[in-house]
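S.K.:
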Amino acid sequence: MKRVVVTGMALASPLGCSVKNAYERLKHLKNCIEYEPAYEVYQHLNAKLCSKVHDFVVPEHFTRKVTRTMGRVALMSTVVSEQALDDAGLLGNEIISSENTGVSYGSSSGSLDSIIDFYTMEVEKKVKGINSGSYIKMMPQTTSVNISLYFKTKGRLIPSSTACTSGSMGIGYAYETIKNGYETVMIAGGAEELHPTQIAVFDTLYATSQKNDCPELTPRPFDRDRDGLVIGEGAGTLILEEYEHAKKRDAKIYAEVIGFGTTTDGTHITNPNHETMGSAIKRALNDACINPDEIGYINAHGTATHNGDIAESIATYDVFKRNVPISSIKSYTGHTLGACGAIEAILSIEMMNNGWFCPTLNLDNVDDECAPLDYIKQKQNGREILTDTVMSNNFAFGGINTSLIFKKIN
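Sequential numbering of the sequence shown, starting at 38, is according to my numbering.
#1: For T305, which residues of its own chain have a beta-carbon under 8 angstroms away from its beta-carbon, when the five flanking residues on both sides are left out?
#2: Please report the straight-line C-alpha distance between L128 and E281, rounded to a whole angstrom.
#3: At what residue ranges does the segment 274-314 contain a whole run of the alpha helix (DSSP H), taking only runs of 4 or more?
#4: Which value, in whole angstroms, describes the spacing of the CA atoms of V42 and I290?
#5: Is it the case that the Cβ atoms of A111 and G45 are separated by a distance below 9 angstroms?
#6: Compute the Euclidean distance between the alpha carbons of I275 and H343, then round it to the nearest angstrom.
#7: To the nearest angstrom, how far is the alpha carbon of N58 from that of E159?
#8: Start and end of the alpha helix (DSSP H) containing A47?
#9: For E421, which residues in the same chain have their Cβ closer than 7 angstroms to its Cβ, ignoring the five residues on either side in sequence?
#10: Could you tell me the distance, in whole angstroms, from the CA atom of S440 to the CA atom of E73?
#11: Is there contact here, the segment 225-238 with the segment 74-81, by at least three beta-carbon pairs under 8 angstroms?
#12: Just how far apart, CA to CA, sit C377 and D287?
#13: Go ahead and pull the three-state DSSP assignment for V403.
#14: Considering only DSSP beta bridges, list what S350 is partnered with.
#15: Determine the contact status of F259 and S365, defining contact as a CB-CB distance below 9 angstroms.
#16: To the nearest angstrom, how far is the alpha carbon of R90 from that of A379?
#17: Taking the beta strand (DSSP E) that P233 falls in, what are its first and last residues?
#18: What separation, rounded to the nearest whole angstrom, lies between the Cα atoms of N336 and Y187?
#19: So, under 8 angstroms CB-CB, G209 and I383 are touching, yes? Tell me the CB distance rounded to an integer number of Å.
#20: In or out: H98 buried (at least 16 other Cβ within 10 Å) or exposed?
#21: Quick one: grab the DSSP three-state call for F443.
#22: Out of L66, V56 and K39, state which residue places its alpha-carbon closest to the alpha-carbon of N418.
#23: From what residue to what residue does the beta strand (DSSP E) around Y142 run?
#24: Sort out for me which residues DSSP pairs C87 with in a bridge.
#25: Would you say N430 and S205 are within 9 angstroms of each other, going by their C-beta atoms?
#26: Mind listing, in chain order, the continuous beta strand (DSSP E) runs of no fewer than 3 residues lying wholly within the segment 184-228?
#27: Would you please state the rounded distance, in angstroms, between the beta carbons of I148 and G108? I believe it to be under 8 angstroms.
#28: Taking S364 as part of the alpha helix (DSSP H), name the residues at either end of that continuous run.
#29: Closest to K414 by C-alpha separation, out of L398, D425, E61 and A408, would be which residue?
#30: Count the other CB atoms within 10 Å of the CB of A244; is the residue buried (16 or more) or exposed (fewer)?
#31: A348 and H311 - do their beta-carbons sit closer together than 9 angstroms?
#32: Within the continuous beta strand (DSSP E) that includes T104, where are the two ends?
#33: With which residues is D411 paired in a DSSP beta bridge?
#34: Give the straight-line distance between the Cα atoms of D425 and M389, rounded to the nearest whole angstrom.
#35: At what residues does the alpha helix (DSSP H) containing S146 begin and finish?
#36: Of the residues C87, A47, V427 and D154, which one's Cα is nearest the Cα of D250?
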(Lines of atoms letter the chains of each structure in order from A and count residues from 1; the text may use other names and numbers.)
(Lines give C-alpha, C1' and ligand atoms only; values in the text may rest on other atoms or scores of the structure.)
Protein backbone atom coordinates (compact mmCIF):
# COMPACT_ATOMS: atom_id res chain seq x y z
CA MET A 1 0.00 0.00 0.00
CA LYS A 2 1.19 3.50 -0.89
CA ARG A 3 1.21 6.44 1.52
CA VAL A 4 -0.90 9.43 0.48
CA VAL A 5 -0.14 13.06 1.28
CA VAL A 6 -1.71 16.47 0.67
CA THR A 7 0.65 18.73 -1.28
CA GLY A 8 -1.74 21.44 -2.48
CA MET A 9 -4.87 23.14 -1.12
CA ALA A 10 -7.12 25.92 -2.36
CA LEU A 11 -10.69 27.03 -1.82
CA ALA A 12 -13.42 29.50 -2.64
CA SER A 13 -15.61 29.91 0.40
CA PRO A 14 -17.82 32.38 2.23
CA LEU A 15 -14.86 32.80 4.60
CA GLY A 16 -12.60 33.87 1.76
CA CYS A 17 -10.95 32.70 -1.42
CA SER A 18 -7.58 31.69 -0.03
CA VAL A 19 -6.75 29.20 2.69
CA LYS A 20 -4.93 31.89 4.67
CA ASN A 21 -7.83 34.35 4.51
CA ALA A 22 -10.40 31.69 5.39
CA TYR A 23 -8.37 30.54 8.40
CA GLU A 24 -7.83 34.11 9.61
CA ARG A 25 -11.55 34.86 9.33
CA LEU A 26 -12.29 31.80 11.45
CA LYS A 27 -10.26 33.48 14.18
CA HIS A 28 -12.49 36.58 13.99
CA LEU A 29 -15.37 34.43 15.30
CA LYS A 30 -17.98 35.94 12.98
CA ASN A 31 -20.20 34.00 10.63
CA CYS A 32 -20.83 34.65 6.93
CA ILE A 33 -24.61 34.37 7.01
CA GLU A 34 -26.66 37.10 5.32
CA TYR A 35 -30.23 37.98 4.59
CA GLU A 36 -31.01 37.90 0.84
CA PRO A 37 -33.78 40.34 -0.18
CA ALA A 38 -34.01 38.73 -3.64
CA TYR A 39 -35.57 35.65 -2.05
CA GLU A 40 -38.64 37.64 -1.05
CA VAL A 41 -40.12 37.05 -4.53
CA TYR A 42 -40.62 33.36 -3.71
CA GLN A 43 -43.97 32.80 -2.06
CA HIS A 44 -44.01 30.33 0.85
CA LEU A 45 -40.19 30.29 1.08
CA ASN A 46 -39.67 30.83 4.79
CA ALA A 47 -35.87 31.03 4.93
CA LYS A 48 -34.30 34.10 3.34
CA LEU A 49 -30.79 33.41 4.58
CA CYS A 50 -27.71 32.20 2.71
CA SER A 51 -23.92 32.25 2.73
CA LYS A 52 -22.21 33.47 -0.44
CA VAL A 53 -18.74 33.47 -1.95
CA HIS A 54 -18.18 37.17 -2.58
CA ASP A 55 -14.58 37.59 -3.70
CA PHE A 56 -14.27 34.81 -6.27
CA VAL A 57 -12.48 36.13 -9.37
CA VAL A 58 -12.33 34.33 -12.71
CA PRO A 59 -8.80 34.62 -14.15
CA GLU A 60 -8.49 36.38 -17.51
CA HIS A 61 -7.08 33.28 -19.19
CA PHE A 62 -10.42 31.55 -18.60
CA THR A 63 -11.78 32.67 -21.97
CA ARG A 64 -15.28 32.10 -23.29
CA LYS A 65 -14.02 29.06 -25.18
CA VAL A 66 -12.78 27.61 -21.89
CA THR A 67 -15.89 28.42 -19.87
CA ARG A 68 -18.67 27.62 -22.35
CA THR A 69 -19.33 24.25 -20.67
CA MET A 70 -18.99 25.63 -17.15
CA GLY A 71 -21.70 26.89 -14.86
CA ARG A 72 -20.64 28.60 -11.64
CA VAL A 73 -20.07 25.33 -9.77
CA ALA A 74 -17.71 23.96 -12.44
CA LEU A 75 -16.00 27.31 -12.82
CA MET A 76 -15.25 27.59 -9.10
CA SER A 77 -14.05 23.98 -9.07
CA THR A 78 -11.68 24.41 -12.00
CA VAL A 79 -10.25 27.76 -10.89
CA VAL A 80 -9.69 26.47 -7.36
CA SER A 81 -8.10 23.28 -8.72
CA GLU A 82 -5.67 25.36 -10.79
CA GLN A 83 -4.73 27.28 -7.64
CA ALA A 84 -4.27 24.03 -5.70
CA LEU A 85 -2.03 22.58 -8.41
CA ASP A 86 0.00 25.78 -8.38
CA ASP A 87 0.25 25.53 -4.59
CA ALA A 88 1.51 21.96 -4.98
CA GLY A 89 4.12 23.02 -7.54
CA LEU A 90 2.52 20.75 -10.14
CA LEU A 91 0.86 23.28 -12.44
CA GLY A 92 2.29 22.66 -15.89
CA ASN A 93 4.06 19.49 -14.77
CA GLU A 94 3.80 16.80 -17.44
CA ILE A 95 2.47 14.28 -14.91
CA ILE A 96 -0.85 16.16 -14.75
CA SER A 97 -1.72 15.47 -18.40
CA SER A 98 -0.57 11.86 -18.17
CA GLU A 99 -2.36 8.68 -17.15
CA ASN A 100 -0.79 9.01 -13.71
CA THR A 101 -3.17 11.79 -12.65
CA GLY A 102 -6.89 11.48 -12.06
CA VAL A 103 -9.82 13.53 -10.79
CA SER A 104 -12.15 12.65 -7.92
CA TYR A 105 -14.59 15.50 -7.45
CA GLY A 106 -18.26 16.12 -6.90
CA SER A 107 -21.25 18.32 -6.16
CA SER A 108 -24.84 17.66 -5.17
CA SER A 109 -25.91 18.70 -8.65
CA GLY A 110 -24.79 20.71 -11.63
CA SER A 111 -25.80 24.30 -12.32
CA LEU A 112 -29.51 24.37 -11.68
CA ASP A 113 -30.19 27.41 -13.87
CA SER A 114 -29.22 25.31 -16.90
CA ILE A 115 -32.22 23.10 -16.24
CA ILE A 116 -34.45 26.05 -17.13
CA ASP A 117 -33.52 25.63 -20.80
CA PHE A 118 -34.86 22.08 -20.77
CA TYR A 119 -37.91 23.05 -18.73
CA THR A 120 -38.75 25.79 -21.24
CA MET A 121 -38.72 23.24 -24.04
CA GLU A 122 -41.29 21.13 -22.25
CA VAL A 123 -43.56 24.05 -21.34
CA GLU A 124 -43.40 25.99 -24.61
CA LYS A 125 -42.92 22.93 -26.85
CA LYS A 126 -40.05 24.72 -28.58
CA VAL A 127 -36.40 23.79 -28.78
CA LYS A 128 -34.54 27.01 -28.03
CA GLY A 129 -31.58 27.98 -25.93
CA ILE A 130 -30.36 24.40 -25.74
CA ASN A 131 -26.85 23.52 -26.88
CA SER A 132 -24.21 20.95 -26.04
CA GLY A 133 -23.06 23.09 -23.13
CA SER A 134 -26.50 23.15 -21.52
CA TYR A 135 -26.34 19.53 -20.43
CA ILE A 136 -22.65 19.68 -19.51
CA LYS A 137 -23.42 22.54 -17.12
CA MET A 138 -26.31 20.79 -15.40
CA MET A 139 -25.06 17.18 -15.25
CA PRO A 140 -23.97 15.94 -11.80
CA GLN A 141 -20.44 15.17 -13.02
CA THR A 142 -19.91 18.67 -14.39
CA THR A 143 -17.19 19.52 -11.86
CA SER A 144 -15.01 16.44 -12.39
CA VAL A 145 -15.42 16.45 -16.17
CA ASN A 146 -14.60 20.13 -16.60
CA ILE A 147 -11.56 19.82 -14.32
CA SER A 148 -10.33 16.82 -16.29
CA LEU A 149 -10.83 18.52 -19.65
CA TYR A 150 -9.17 21.75 -18.55
CA PHE A 151 -6.03 20.02 -17.25
CA LYS A 152 -6.14 17.22 -19.85
CA THR A 153 -5.87 14.48 -17.24
CA LYS A 154 -5.96 10.95 -18.59
CA GLY A 155 -6.18 8.87 -15.43
CA ARG A 156 -9.23 7.83 -13.44
CA LEU A 157 -12.22 10.12 -13.24
CA ILE A 158 -14.48 9.60 -10.23
CA PRO A 159 -17.57 11.82 -10.00
CA SER A 160 -18.67 11.85 -6.36
CA SER A 161 -22.17 13.27 -6.58
CA THR A 162 -23.28 12.15 -3.11
CA ALA A 163 -25.04 15.23 -1.75
CA CYS A 164 -23.41 16.63 1.40
CA THR A 165 -20.59 14.05 1.30
CA SER A 166 -19.58 14.84 -2.29
CA GLY A 167 -16.40 16.64 -1.22
CA SER A 168 -15.33 14.18 1.48
CA MET A 169 -16.18 11.21 -0.72
CA GLY A 170 -14.11 12.74 -3.51
CA ILE A 171 -11.14 12.99 -1.15
CA GLY A 172 -11.69 9.48 0.20
CA TYR A 173 -11.91 7.87 -3.23
CA ALA A 174 -8.82 9.79 -4.37
CA TYR A 175 -6.94 8.57 -1.31
CA GLU A 176 -7.89 4.96 -2.00
CA THR A 177 -6.93 5.34 -5.66
CA ILE A 178 -3.38 6.41 -4.81
CA LYS A 179 -3.10 4.07 -1.83
CA ASN A 180 -3.79 1.09 -4.09
CA GLY A 181 -1.30 2.25 -6.70
CA TYR A 182 -3.71 3.16 -9.48
CA GLU A 183 -2.59 6.80 -9.75
CA THR A 184 0.25 8.99 -8.49
CA VAL A 185 -1.64 12.30 -8.26
CA MET A 186 -5.33 13.01 -7.73
CA ILE A 187 -7.22 16.29 -7.94
CA ALA A 188 -9.84 15.85 -5.23
CA GLY A 189 -12.64 17.82 -3.63
CA GLY A 190 -16.14 19.17 -4.02
CA ALA A 191 -18.17 22.26 -4.83
CA GLU A 192 -21.65 23.76 -4.86
CA GLU A 193 -23.21 26.92 -6.24
CA LEU A 194 -25.97 28.68 -4.36
CA HIS A 195 -29.51 28.40 -5.72
CA PRO A 196 -32.87 29.20 -4.05
CA THR A 197 -34.29 25.79 -4.96
CA GLN A 198 -31.74 24.19 -2.62
CA ILE A 199 -33.06 26.33 0.21
CA ALA A 200 -36.61 25.33 -0.73
CA VAL A 201 -35.76 21.63 -0.42
CA PHE A 202 -34.68 22.00 3.20
CA ASP A 203 -37.45 24.50 3.84
CA THR A 204 -40.07 21.88 2.99
CA LEU A 205 -38.41 19.58 5.53
CA TYR A 206 -38.67 22.29 8.21
CA ALA A 207 -34.89 22.16 8.46
CA THR A 208 -33.93 25.76 7.61
CA SER A 209 -33.22 28.58 10.02
CA GLN A 210 -35.69 31.43 9.82
CA LYS A 211 -33.73 34.02 11.77
CA ASN A 212 -34.05 36.36 8.79
CA ASP A 213 -33.79 39.43 10.99
CA CYS A 214 -30.66 38.33 12.86
CA PRO A 215 -28.40 36.25 10.57
CA GLU A 216 -25.47 36.66 12.95
CA LEU A 217 -27.26 34.37 15.43
CA THR A 218 -27.56 31.35 13.16
CA PRO A 219 -26.87 28.52 12.53
CA ARG A 220 -26.43 27.14 16.03
CA PRO A 221 -25.08 23.55 15.78
CA PHE A 222 -25.68 21.41 18.88
CA ASP A 223 -27.41 24.28 20.69
CA ARG A 224 -30.77 23.66 22.36
CA ASP A 225 -32.17 26.83 20.74
CA ARG A 226 -31.12 26.06 17.16
CA ASP A 227 -33.78 26.40 14.49
CA GLY A 228 -32.14 24.86 11.45
CA LEU A 229 -29.42 25.14 8.84
CA VAL A 230 -28.42 27.84 6.35
CA ILE A 231 -27.41 27.00 2.77
CA GLY A 232 -24.09 28.24 1.39
CA GLU A 233 -21.77 27.72 -1.56
CA GLY A 234 -18.11 27.24 -2.36
CA ALA A 235 -15.42 24.90 -3.66
CA GLY A 236 -12.41 23.18 -2.18
CA THR A 237 -9.59 21.25 -3.86
CA LEU A 238 -6.88 19.10 -2.31
CA ILE A 239 -4.02 17.73 -4.38
CA LEU A 240 -3.29 14.22 -3.15
CA GLU A 241 0.00 12.66 -4.08
CA GLU A 242 1.87 9.43 -3.49
CA TYR A 243 4.32 10.11 -0.66
CA GLU A 244 7.54 8.91 -2.33
CA HIS A 245 6.75 10.93 -5.46
CA ALA A 246 6.15 14.04 -3.36
CA LYS A 247 9.28 13.43 -1.31
CA LYS A 248 11.42 12.91 -4.41
CA ARG A 249 10.49 16.31 -5.80
CA ASP A 250 10.87 17.91 -2.34
CA ALA A 251 7.23 18.98 -2.26
CA LYS A 252 5.64 20.88 0.61
CA ILE A 253 3.45 18.43 2.54
CA TYR A 254 0.47 19.73 4.53
CA ALA A 255 -0.65 16.41 5.97
CA GLU A 256 -0.92 12.71 5.34
CA VAL A 257 -4.29 11.10 4.69
CA ILE A 258 -4.23 8.03 6.89
CA GLY A 259 -7.86 6.93 7.15
CA PHE A 260 -11.14 6.90 5.27
CA GLY A 261 -14.41 5.23 6.12
CA THR A 262 -17.79 5.28 4.44
CA THR A 263 -21.09 3.52 5.06
CA THR A 264 -24.75 3.87 4.18
CA ASP A 265 -27.63 3.80 6.64
CA GLY A 266 -30.02 1.63 4.72
CA THR A 267 -32.89 2.92 6.83
CA HIS A 268 -34.20 6.34 5.78
CA ILE A 269 -33.33 8.77 3.01
CA THR A 270 -33.24 11.88 5.22
CA ASN A 271 -33.28 10.78 8.88
CA PRO A 272 -29.77 9.82 10.08
CA ASN A 273 -28.87 6.55 11.76
CA HIS A 274 -26.30 6.97 14.54
CA GLU A 275 -25.22 3.33 14.41
CA THR A 276 -24.12 3.38 10.77
CA MET A 277 -22.72 6.89 11.17
CA GLY A 278 -20.56 5.44 13.91
CA SER A 279 -19.58 2.55 11.65
CA ALA A 280 -18.08 5.01 9.14
CA ILE A 281 -16.01 6.56 11.94
CA LYS A 282 -14.84 3.11 13.09
CA ARG A 283 -13.87 2.19 9.55
CA ALA A 284 -11.73 5.29 9.23
CA LEU A 285 -9.97 4.50 12.50
CA ASN A 286 -9.41 0.89 11.45
CA ASP A 287 -8.10 2.00 8.07
CA ALA A 288 -5.66 4.35 9.83
CA CYS A 289 -4.66 1.58 12.28
CA ILE A 290 -5.06 3.91 15.25
CA ASN A 291 -7.26 3.96 18.32
CA PRO A 292 -9.77 6.73 19.11
CA ASP A 293 -7.52 8.26 21.81
CA GLU A 294 -5.07 9.39 19.12
CA ILE A 295 -7.59 11.80 17.58
CA GLY A 296 -7.06 15.27 19.04
CA TYR A 297 -9.95 17.06 17.35
CA ILE A 298 -13.04 16.30 15.29
CA ASN A 299 -14.55 18.58 12.69
CA ALA A 300 -18.25 17.81 13.02
CA HIS A 301 -20.72 17.80 10.17
CA GLY A 302 -22.76 19.92 12.59
CA THR A 303 -25.62 21.21 10.44
CA ALA A 304 -27.73 22.65 13.29
CA THR A 305 -30.69 20.34 12.60
CA HIS A 306 -32.32 18.54 15.51
CA ASN A 307 -32.04 14.96 14.26
CA GLY A 308 -28.67 15.46 12.60
CA ASP A 309 -26.91 17.01 15.60
CA ILE A 310 -28.21 14.43 18.04
CA ALA A 311 -27.44 11.40 15.86
CA GLU A 312 -23.95 12.67 15.04
CA SER A 313 -23.08 13.36 18.67
CA ILE A 314 -24.30 9.94 19.78
CA ALA A 315 -22.40 8.21 16.97
CA THR A 316 -19.24 10.09 17.93
CA TYR A 317 -19.51 9.34 21.65
CA ASP A 318 -20.32 5.68 21.03
CA VAL A 319 -16.98 5.34 19.25
CA PHE A 320 -14.77 7.61 21.34
CA LYS A 321 -16.25 7.03 24.83
CA ARG A 322 -14.73 10.34 25.95
CA ASN A 323 -15.16 14.10 25.72
CA VAL A 324 -13.24 14.51 22.47
CA PRO A 325 -12.85 18.16 21.32
CA ILE A 326 -15.32 18.91 18.54
CA SER A 327 -16.69 21.93 16.66
CA SER A 328 -18.61 22.81 13.51
CA ILE A 329 -17.25 25.04 10.72
CA LYS A 330 -20.80 25.27 9.35
CA SER A 331 -21.57 27.75 12.12
CA TYR A 332 -19.40 30.14 10.05
CA THR A 333 -20.07 29.13 6.44
CA GLY A 334 -23.52 27.63 6.57
CA HIS A 335 -24.02 24.29 4.85
CA THR A 336 -22.12 24.40 1.57
CA LEU A 337 -23.54 20.99 0.58
CA GLY A 338 -21.22 19.26 -1.92
CA ALA A 339 -18.37 21.61 -1.02
CA CYS A 340 -18.45 21.22 2.76
CA GLY A 341 -16.37 18.05 2.99
CA ALA A 342 -13.51 19.61 1.03
CA ILE A 343 -13.63 23.07 2.62
CA GLU A 344 -13.79 21.57 6.11
CA ALA A 345 -10.98 19.11 5.41
CA ILE A 346 -8.75 21.97 4.25
CA LEU A 347 -9.52 24.11 7.29
CA SER A 348 -9.13 21.14 9.66
CA ILE A 349 -5.64 20.55 8.26
CA GLU A 350 -4.84 24.25 8.53
CA MET A 351 -6.03 24.35 12.15
CA MET A 352 -4.02 21.23 12.99
CA ASN A 353 -0.87 22.75 11.53
CA ASN A 354 -1.40 25.99 13.46
CA GLY A 355 -2.44 24.39 16.74
CA TRP A 356 -5.65 26.44 17.06
CA PHE A 357 -9.18 25.12 16.56
CA CYS A 358 -12.27 27.21 16.00
CA PRO A 359 -15.25 27.15 18.33
CA THR A 360 -18.81 26.49 17.21
CA LEU A 361 -20.43 29.90 16.88
CA ASN A 362 -23.71 30.56 18.72
CA LEU A 363 -23.31 27.43 20.83
CA ASP A 364 -24.37 28.72 24.23
CA ASN A 365 -26.28 25.78 25.72
CA VAL A 366 -25.64 22.27 24.47
CA ASP A 367 -28.85 20.37 23.77
CA ASP A 368 -29.48 17.86 26.56
CA GLU A 369 -30.26 15.23 23.92
CA CYS A 370 -26.73 15.53 22.46
CA ALA A 371 -24.05 13.19 23.77
CA PRO A 372 -21.44 14.50 26.28
CA LEU A 373 -18.57 15.62 24.04
CA ASP A 374 -16.05 18.44 24.52
CA TYR A 375 -17.92 21.04 22.49
CA ILE A 376 -15.64 24.03 21.82
CA LYS A 377 -17.86 27.04 22.49
CA GLN A 378 -17.65 30.60 21.20
CA LYS A 379 -17.00 32.10 24.63
CA GLN A 380 -13.75 30.11 24.73
CA ASN A 381 -12.42 32.01 21.68
CA GLY A 382 -11.29 28.77 20.15
CA ARG A 383 -8.92 26.23 21.62
CA GLU A 384 -5.18 25.71 21.39
CA ILE A 385 -4.62 21.99 20.95
CA LEU A 386 -1.32 20.34 20.12
CA THR A 387 -2.27 17.26 18.13
CA ASP A 388 -0.84 15.37 15.19
CA THR A 389 -4.11 13.77 14.14
CA VAL A 390 -7.58 15.13 13.32
CA MET A 391 -10.80 13.71 11.96
CA SER A 392 -13.37 15.32 9.67
CA ASN A 393 -16.86 13.79 9.37
CA ASN A 394 -19.72 14.38 6.94
CA PHE A 395 -23.17 12.83 6.54
CA ALA A 396 -25.60 13.18 3.64
CA PHE A 397 -29.11 12.60 2.36
CA GLY A 398 -29.49 9.00 1.30
CA GLY A 399 -27.82 7.91 4.54
CA ILE A 400 -24.31 8.39 3.14
CA ASN A 401 -21.63 8.66 5.82
CA THR A 402 -17.95 9.58 5.52
CA SER A 403 -15.02 9.99 7.88
CA LEU A 404 -11.52 11.21 7.00
CA ILE A 405 -8.39 11.23 9.17
CA PHE A 406 -5.40 13.53 8.58
CA LYS A 407 -2.01 13.42 10.27
CA LYS A 408 0.97 15.75 10.44
CA ILE A 409 4.23 14.66 8.87
CA ASN A 410 6.96 16.02 11.13
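Even glycine gets a Cβ: it sits at the ideal position worked out from N, Cα and C.
M.R.: According to the structure data:
#1: This sequence places His at residue 305; Thr is not what is there. Within the same chain, H305 has close Cβ partners G436.
#2: L128 and E281 have their C-alpha atoms roughly 19 angstroms apart.
#3: 280-285
#4: 7 angstroms
#5: no
#6: The sequence given here places Leu at residue 275; Ile does not occur at that position. Rounded to whole angstroms, L275 to H343 spans 31 angstroms at the Cα level.
#7: 45 angstroms
#8: Segment V41 to A49 is the beta strand (DSSP E) holding A47; no alpha helix (DSSP H) there.
#9: G392 and W393
#10: 33 angstroms
#11: yes
#12: So the alpha carbons of these two residues sit roughly 30 angstroms apart.
#13: strand
#14: DSSP output for S350 lists no bridge partner at all.
#15: yes
#16: Residue identity check: residue 90 is Val in the sequence provided, not Arg. The straight-line gap from Cα to Cα measures roughly 15 angstroms.
#17: Not the beta strand (DSSP E): P233 falls in the alpha helix (DSSP H), residues P233 to T241.
#18: For the pair N336 and Y187, the Cα-to-Cα distance works out to about 32 angstroms.
#19: Not a contact, Cβ separation roughly 15 angstroms.
#20: exposed
#21: strand
#22: L66
#23: Counting along the chain, the beta strand (DSSP E) containing Y142 begins and ends at T138 to G143.
#24: E71
#25: yes
#26: 194-196
#27: Note that residue 148 corresponds to Ser in the displayed sequence, not to Ile. Confirmed, about 3 angstroms.
#28: Per DSSP, S364 lies in no alpha helix (DSSP H) segment; the continuous beta strand (DSSP E) that holds it begins and ends at P362 to S364.
#29: L398
#30: Per the 10 Å Cβ criterion, buried.
#31: In terms of Cβ geometry, H311 and A348 form a close pair [threshold 9 angstroms].
#32: Under the DSSP assignment, T104 falls outside any beta strand (DSSP E), being part of the alpha helix (DSSP H) whose first and last residues are R101 to T104.
#33: P362, per the DSSP bridge assignment.
#34: 7 angstroms
#35: Per DSSP, S146 belongs to no alpha helix (DSSP H) and is neither H nor E.
#36: C87
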